[in-house]
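Read through the structure below, which is laid out as structure tokens, and then see the notes.
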Amino acid sequence: MKYIFTTAARNFLPCAKALLKSVREHIPDAKTVFILTDEWTGETPLADEGFDEAYTVRELIASEGIGDLAWIFRHDIMELATAVKPLVAKKLLERPDTEWVMFFDPDCVLFDDLPDLQKAISEKSIVLTPHQTDMRPDDKWAFFERNPLKVGTFNLGYFGVSATDTGKRFAEWWWERLKLYCTADVENGLFTDQKWVEFVPSYTDDYAVMRHGRHNFARWNSFQRKITRDADGKILIDGDPAGFIHFSGFYKIGQYVQGLYDRSSEPYVDDINVLNELSRWYANHIYEDQIREELLIPWSFGHYSNGEPVEASHRSLFRSDNCFTEIYSDPFDVDACPSFYQDCVIPAHAAQ
-7 MKYIFTTAAR NFLPCAKALL KSVREHIPDA KTVFILTDEW TGETPLADEG FDEAYTVREL
53 IASEGIGDLA WIFRHDIMEL ATAVKPLVAK KLLERPDTEW VMFFDPDCVL FDDLPDLQKA
113 ISEKSIVLTP HQTDMRPDDK WAFFERNPLK VGTFNLGYFG VSATDTGKRF AEWWWERLKL
173 YCTADVENGL FTDQKWVEFV PSYTDDYAVM RHGRHNFARW NSFQRKITRD ADGKILIDGD
233 PAGFIHFSGF YKIGQYVQGL YDRSSEPYVD DINVLNELSR WYANHIYEDQ IREELLIPWS
293 FGHYSNGEPV EASHRSLFRS DNCFTEIYSD PFDVDACPSF YQDCVIPAHA AQ
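In structure tokens:
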């Protein structure tokens, strides 16, 4: 069995459903799995959103023995969506019928059946795509290379893992690291799930890096790649049909933004008109789900039970001592006994 999964909070479900639609169109024999890194409050069950399998993050980690709400509290909305990725891969790879597992960020869209990616994952245990693939010695390009040095040279908006011993070991190792160390903490050498994967070339030869421009086309590399349309209107990247496009940075409630380039890369983009057309197409693609009232509710894990926001400093304080996970089983509950909010947050604010 082939599995394709994604993870997202409620606000990115419209994107996840656009990804789902493209998977169903191009790789119909793959089973789709969705992990909601949020609470579900919709009028209909999460299972009715169209994925073959759908689970909340609390359902996913219930058997991991790590205290679901305490572990969730350690992460902000982006960190949580990335922290669970290797756990999902690990669980899917443990199924006896699994051939391979692929992950796509919810804001990716497939444009063909990805035969080269499928071939790579049948030959190697791990498949990755880099942020950038073109060496350019001019000093002006160093600006664009410096950010991947901080956040990771591989973009984990995609990865593939096959059900080999190496693939299973990788998923298990990665999950063990992200249990405690999935933070956007560039100053201390971490950026969510991505920086850890820098170890792959050191740990194994059983991996493939897909450098062709048709995959993981996004705002961090669109200025290096030539995007056009053929006579039939089909999107071409560096002369070949688009594989998958990553609309990272696009999402904005109620409208679209130019998510395939930014202010710094705009002067070097080959054809802004095509990119803007794609942004408008994507905006229309997700609009129907984007305006659903139940998807406009703020993230469930962004506030305490009294409605006060959980600040980044509170999460950092909670992570500073792993014993807190044992002491405070529900750090969101201000009336719990003991209460992280009463014991630690209020005194910390008073001391400022």
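At position 301 of the sequence shown the residue is numbered 293 (our numbering), and the sequence of numbers has no breaks.
Beta carbons: idealized from backbone N, C-alpha and C, even for Gly.
Keep in mind it's a predicted model, so treat the numbers as computed, not measured.
- In this structure, the straight-line span from the alpha carbon of I118 to that of R161 is close to 11 Å.
- Within a 10 Å sphere around the beta-carbon of P98 sit 16 or more other beta-carbons, which makes this residue buried.
- Straight across, the Cα-Cα distance linking A112 with V93 is about 12 Å.
- With contact defined as three or more Cβ pairs closer than 8 Å, the stretch 50 to 70 and the stretch 120 to 135 are not in contact.
- Cβ atoms of T33 and V76 stay farther apart than 8 Å, at about 20 Å.
- A buried status is given to T(-1), since no fewer than 16 other beta-carbon atoms sit within 10 Å of its beta-carbon.
- Uninterrupted beta strand (DSSP E) stretches at least 3 residues long and entirely within the stretch 64 to 102 occur at 92 to 96, 100 to 102, given in chain order.
- With a beta-carbon spacing of about 7 Å, G294 and I69 fall inside the 8 Å limit used to define contacts.
- Taking 9 Å as the cut-off, the beta carbon of W188 is found no closer than this to the beta carbon of L172.
- For the pair of segments examined, the stretch 263 to 275 was found to touch the stretch 217 to 231: the number of CB pairs separated by less than 8 Å reaches three.
- Around the beta carbon of W167, 16 or more other beta carbons lie within 10 angstroms, which makes this residue buried.
- K(-6) and D327 have their C-alpha atoms roughly 45 Å apart.
- Here F236 really is in contact with L102; their C-beta atoms are around 5 Å apart, less than 8 Å.
- DSSP lists D177 as the bridge partner or partners of L182.
- C100 counts as buried, since no fewer than 16 other beta carbons sit within 10 angstroms of its beta carbon.
- Within the DSSP bridge table, the entry for H295 names P301 as partners.
- L148 sits close to D185, with the two beta carbons spaced by under 9 Å.
- Just so you know, the alpha carbons of R211 and D262 end up roughly 12 Å apart.
- Our two residues, S308 and N265, have alpha carbons roughly 43 Å apart in a direct line.
- For H123, the secondary structure class from DSSP, reduced to helix, strand or coil, is coil.
- Nearest Cα to T158 within the set N180, F146, D130, T196: T196.
- Restricted to the stretch -4 to 28, the alpha helix (DSSP H) segments that are unbroken, complete and at least 4 residues in length are 5 to 18, listed in chain order.
- For N208, the enclosing beta strand (DSSP E) starts and ends at 207 to 209.
- A Cβ-Cβ separation of about 12 Å leaves D104 out of contact with H204 under the 8 Å criterion.
- Bridge pairing for V153: V93, I118 [DSSP].
- Secondary-structure assignment with DSSP links E45 through a beta bridge to V25.
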